[in-house]
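This report refers to the structure that appears directly beneath it.
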Amino acid sequence: MRRPISFWRYCLSQDLMALAVALGVLSSASWLAARELNRRYLNLHRADAERVQFHLHEHIGDAMDQFHSLRDLPPEERSQAANLVTQDFSDLYRLDQQMKILHIYKSKPGSRVFQGFSFSASPVARFIRDQSRHREARKPGSLDPSPVIRAAEDEIASIYLVLKDNNRSSLLLGRLNLSFVQNFLRRFAAISGSPLLLVSNDGLVMLSSHPDLPIASIDLNRARSPHFPGLLEVGNERWLPLAGQQYELGGAFVTLVPARPMEQQRQVMAMAALAVSLLLVAIFILKNRTLHANLFNPVSTFAEQLRQVESGEATGTGHNTSQQRSLAQAADRFLEINLIQERFTAMVAAIQLREKELRQSLRASLAAAAVGHEIKQPLSTIRLLCQQATRSAPAGGLRPLLSQLDSESSRVARTVESMRMLLSNVKSNQEPLDLTNAASHAITFTHHQRRSIGVVFEAEGLHGRPLDASPLPVVGDPVQLQIAIANLLRNGAEAVAAMAPERRLLRLRLKRQPPSADHPHGLAGLEVADSGPGLPGLDETEGLTHAGRDLGRQPLRTTKAGGSGLGLFVVRTTVEQHGGWLQASRSADLGGAAVSLWLPLRPPHEA
Amino acid sequence: MVRQRLQPVRVAVGVDRPIVYGAAVDPTDLNTAQHFLEQNRTSPIRLETMFNQADPGEGRNDLQAVRSKGIRFLINTQTSSHLVPTLDLYDDAQVLAINVSATSTKLSNRDDYLLRIIPDLAQEQRAIASRINQMEGSRLLVMRDTRNHHYTEPALEEFLKALQAQRSWQITVKAFRADRFDPREEQGVVNQLYDVLYILGGDFLPTMGNLAQQFHLANPSAPILLTPWAHSPAVLANAGEARRQILIASPYPDRRSNAAVDSFLNNHQQRFGYLPYAMGLGTRQAIELLDQAFRQGLRTPAAVKRHLLQNQPHQTSLGAIRFTASGDVEGTYHFHRP
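These protein sequence lines map, in sequence, to chains A and B.
Under this note's numbering, the residues of the first sequence are numbered 1 to 607, in order.
Under this note's numbering, the residues of the second sequence are numbered 608 to 945, in order.
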């Protein structure tokens with residue numbers, strides 16, 4: 001079964017879920033937006049790298065034409081024509097099959113290669129071998145440039161072109177010194193604002209538009225990633241390396257995009273998302289605080305007060321003051337709550353008025369019954385004496401008067417008996433209740449009296465107190481029973497008032513008797529014992545050895561100066577109306593009176 | 608299992624700036640360190656870069672630039688000529704460097720915060736001299752690169768001393784600048800007949816390959832010895848047919864005889880697309896040493912130095928390292944044919 005939760009918690013959890021979803025959507029949206037902005041920004045720069053690549057490709061195309069022209073010249077004319085025909089080449093050689101330089105047609109000043117120099121161990125040799133291997137697959141006369149290679153001539157990044165010479169026994173090798181690209185890179189980077197690098201296939205940086213930028217290598221796999229390449233931190237700057245598509249160069253141009261603008265974009269998006277999130281959280285808090293103050297708290301207060309009304313507790317006291325204040329504030333603000341408040345107040349007032357009337361009615365009835373009881377006793381004596389006097393008086397004389405007196409006394413007795421009968425039918429609100437609750441309330445009502453007398457009070461069997469804390473379910477009128485128990489407590493307190501201060505002891509004890517033939521559900525008992533002089537007619541021996549005397553068959557007399565003896569009578573009458581009886585005895589341990597009331601326990605199946 | 612989150616430590620790894628305008632920079636050392644961190648995701652090391660200017664006179668500024676950033680640990684790849692003028696900066700515990708590339712004896716036996724995991728040039732040159740002494744012939748050409756003179760001058764001295772102590776040679780010593788190599792300038796010497804060529808080069812400039820080839824044209828059967836600093840694919844690429852005559856001295860075993868070295872080189876080539884130069888092996892060992900120290904919670908140069916000098920030997924994936932009391936190492940030399 002689902003455990004019930006408060007409406008406030010339910011609404012709060014719903015709102016929290018909504019808030020979490022909203023924040024999740026917001027952060028995802030801002031992340032996606034930042035990512036898209038970054039992607040567009042990167043694509044712009046990636047296009048720069050590809051433009052440079054295209055420029056170099058065109059340049060290589062021109063160089064190939066020049067190279068073909070050189071091959072078509074007779075070998076003896078090549079040296080002279082080399083500077084005119086092949087302007088883009090810095091070096092031109094004829095190689096033997098072992099890749100050793102046979103002849104130098106053209107050489108850059110300061111070159112570190114010489115006639116007889118062998119390329120056999122260099123990447124140029126690998127390139128030439130690859131060319132030979134794939135020659136069959138290519139169109140006749142076509143040639144591919146080498147990858148970007150660190151040249152043996154001057155260590156500068158270069159591209160080589162190779163062709164079989166016309167005599168077929170040697171090779172023509174031309175080198176395109178890419179230093180001109182360096183200048184181009186510098187100019188292009190000055191316009192675009194991003195450094196440009198030429199990177200060989202193995203990731204080594206071969207040329208840079210910014211020679212002062214000490215970047216040794218680039219991870220081309222990451223730089224070619226379509227989304228976000230890894231950050232490169234150089235000095236105090238962070239860059240995103242973006243490579244163009246792989247070209248026949250075997251390497252790539254890489255644009256270094258400053259990461260700062262992208263980071264700023266992301267920060268702005270994050271700040272915006274954060275601001276909106278904070279706003280949402282603030283709205284959430286404000287809304288829920290207002291709801292709590294204006295709706296949930298008043299509703300909770302109503303519920304608490306209803307519970308108090310149901311349990312008969314006084315409303316509007318103690319810790320509920322603040323709740324009631326908020327209820328009043330909410331009632332001032334909202335029409336619906338104001339209406340509920342008014343109706344509720346009216347209902348409570350009506351209940352309290354009815355309760356007061358019932359108390360007064362009961363009190364009047366009990367008083368009348370007590371007076372009747374007290375009248376009936378002497379009236380019986382008067383009638384007996386009248387009858388004796390009538391029998392002994394001579395005929396005539398006083399006899400008619402005595403007879404009339406007897407007759408009138410008889411009428412008074414009948415009237416009193418009628419009152420007793422009327423009293424026994426006093427209306428009461430019979431309902432299931434817990435005798436321990438009635439006892440608790442009675443203790444509370446009589447607390448002030450005990451304190452003023454200085455009574456040491458002990459309660460056993462109540463909730464939170466020693467002995468059996470289980471309920472004692474009975475059926476009865478809670479107000480009448482409460483008054484009855486309060487009477488017993490008052491009697492006990494008054495009985496010990498004349499004792500020495502250390503001997504003013506009073507005890508209330510709740511008891512339970514198991515089921516018997518007469519009482520199939522058992523009995524609930526309540527004993528009030530004191531350390532006073534005790535009830536007259538109960539000697540010590542009897543009080544100690546027997547359970548007690550049934551007070552239902554005893555005349556009630558007061559032992560207190562100024563007492564009327566009505567208290568016990570009211571108790572007895574109330575108990576009898578509830579199907580129970582009173583017992584009196586002498587308390588074995590406290591030494592004074594011990595008055596017990598017994599009521600049948602309510603069957604378990606009854607509500 | 609809950610992984611312990613270690614406080615990161617910044618470690619600068621040296622990267623050489625371009626020597627020749629527009630030419631490539633070899634990122635071996637930085638990539639080696641990056642690769643280590645990719646393989647060891649929980650390492651507390653956070654990589655920084657220390658740029659080495661081509662001019663040795665800038666070595667001090669390069670180091671100051673790193674110190675000013677608050678970096679306290681370096682894997683130093685400077686040459687001896689860069690490093691010697693900066694030695695006073697390692698006297699206090701401001702910064703601890705593990706050098707993988709400078710073998711000058713001026714760095715030896717100093718109780719400072721510069722440790723080396725490569726033997727000094729005296730051991731190196733004695734090994735080379737010993738190897739040459741096993742060769743046939745009597746005419747020896749020594750080509751000394753003057754760019755890294757803090758290394759090549761004392762190295763030549765040690766070499767000649769060791770060589771002549773065992774055997775008498777007809778020695779020709781010629782100075783040259785590897786970064787300004789011009790074959791026409793060298794042909795007068797190189798084209799003569801010799802039995803052995805020793806190129807005493809102070810770094811990995813590829814022109815040593817050109818020079819070897821030029822020598823090889825005139826002396827096709829003469830062996831050519833190169834220093835450990837020539838152990839670079841770029842040098843060998845320019846060597847042409849002279850490659851067959853080359854022997855390279857190295858403090859590291861040949862990859863053909865050592866599975867760990869072979870694995871390191873293969874993995875690097877697979878990851879980055881190029882073969883690293885041999886110094887990358889030292890860089891790998893250095894970063895492993897620092898990583899081990901940081902994982903023990905050591906965070907100051909003094910504590911790491913104490914750990915490195917006291918808890919010996921240190922195991923790395925490329926072999927064990929044992930420091931001397933002054934933070935140097937001793938080792939044996941191998942001669943590789945490329």
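Backbone N, C-alpha and C define an ideal beta-carbon position, used for all residues, glycine too.
N-terminal and C-terminal residue of the alpha helix (DSSP H) that residue i is part of
i        : result
B:Val842 : Pro840 to Ala844
B:Thr814 : Thr814 to Ala825
A:Gln53  : Phe7 to Asp72
B:Met657 : Taken as a continuous stretch (DSSP letters only), B:Met657 belongs to no alpha helix (DSSP H), being part of the beta strand (DSSP E) at Ile652 to Asn659.
A:Leu291 : Ala259 to Leu291
B:Asn638 : Thr635 to Gln646
B:Thr923 : From DSSP, B:Thr923 is part of no alpha helix (DSSP H) but of the beta strand (DSSP E) over His921 to Thr923.
B:Glu792 : Pro790 to Val797
Cα-Cα separation between residue i and residue j, rounded to whole angstroms
i        : j        : result
A:Glu669 : A:Leu568 : Here chain A comprises residues numbered 1 to 607, so residue 669 of chain A is not present and cannot be evaluated.
A:Arg307 : A:Val348 : 12 Å
A:Ala497 : A:Arg504 : 7 Å
A:Glu431 : A:Ala524 : 16 Å
B:Asn873 : A:Leu242 : 27 Å
A:Glu237 : A:Val85  : 45 Å
B:Ile855 : B:Arg738 : 11 Å
A:Gly461 : A:Ala593 : 19 Å
A:Ser410 : A:Leu508 : 42 Å
B:Lys781 : B:Ser708 : 24 Å
A:His578 : A:Ile485 : 13 Å
B:Glu743 : B:Asp802 : 7 Å
A:His57  : A:Met64  : 11 Å
Opening and closing residue of the beta strand (DSSP E) in which residue i lies
i        : result
A:Tyr105 : Ile101 to Lys106
A:Leu197 : Leu196 to Val199
B:Lys768 : Per DSSP, B:Lys768 belongs to no beta strand (DSSP E); it is in the alpha helix (DSSP H), His756 to Gln773.
B:Ser600 : The displayed coordinates of chain B run from 608 to 945. Any statement about residue 600 of chain B would go beyond what the structure contains.
B:His603 : There is no way to answer for residue 603 of chain B, as the model of chain B reaches only from 608 to 945.
A:Asn177 : Leu171 to Asn177
A:Glu233 : Leu232 to Val234
C-beta atoms of residue i and residue j nearer than 8 Å
i        : j        : result
B:Leu763 : B:Arg751 : yes
B:Val622 : B:Asn683 : no
B:Tyr805 : B:Leu721 : no
B:Tyr940 : B:Pro858 : yes
A:Ile156 : A:Asn177 : yes
A:Val124 : A:Ile149 : yes
B:Pro692 : B:Arg667 : yes
A:Arg112 : B:Thr814 : yes
A:Glu527 : A:Ser440 : no
A:Pro298 : A:Ala330 : yes
DSSP-derived helix/strand/coil call for residue i
i        : result
B:Met750 : strand
A:Thr446 : coil
B:Asn706 : strand
A:Ser585 : strand
A:Asp406 : helix
B:His875 : helix
B:Tyr697 : helix
A:Asn429 : coil
A:Gln97  : coil
A:Ser111 : coil
A:Leu597 : strand
A:Trp239 : strand
A:His530 : Checking the displayed sequence, the identity of residue 530 of chain A turns out to be Asp instead of His. If DSSP states are grouped into helix, strand and coil, A:Asp530 belongs with the strands.
A:Val656 : Given a span of 1 to 607 for chain A in the structure shown, any question on residue 656 of chain A remains unanswerable.
A:Arg343 : helix
Next on the checklist: Would you call the stretch 23-34 of chain A in contact with the stretch 262-271 of chain A, where contact means no fewer than 3 C-beta pairs closer than 8 Å?
Outcome noted: The way I'd put it, the stretch 23-34 of chain A does touch the stretch 262-271 of chain A; three or more beta-carbon pairs between them come closer than 8 Å.
Checklist entry - Are there three or more Cβ pairs, one per stretch, closer than 8 Å when the stretch 876-887 of chain B is compared with the stretch 905-914 of chain B? => result Output reads no: the stretch 905-914 of chain B does not touch the stretch 876-887 of chain B.
Item to check | Contact the stretch 273-281 of chain A vs the stretch 213-226 of chain A: 3+ CB pairs below 8 Å | outcome: Flag = no, the stretch 273-281 of chain A and the stretch 213-226 of chain A do not touch.
Item to check | Validate contact between the stretch 93-107 of chain A and the stretch 168-175 of chain A using beta carbons, cut 8 Å, 3 pairs | outcome: Yes, they touch.
Next on the checklist: Any contact between the stretch 35-55 of chain A and the stretch 283-301 of chain A? By contact I mean 3 or more CB pairs, one from each, below 8 Å.
Outcome noted: No, the stretch 35-55 of chain A is not in contact with the stretch 283-301 of chain A.
Next on the checklist: For the pair the stretch 925-935 of chain B and the stretch 717-731 of chain B, tell me if three or more CB-CB distances fall below 8 Å.
Outcome noted: A contact is defined here as three or more CB-CB pairs under 8 Å, and the stretch 925-935 of chain B meets this definition with respect to the stretch 717-731 of chain B.
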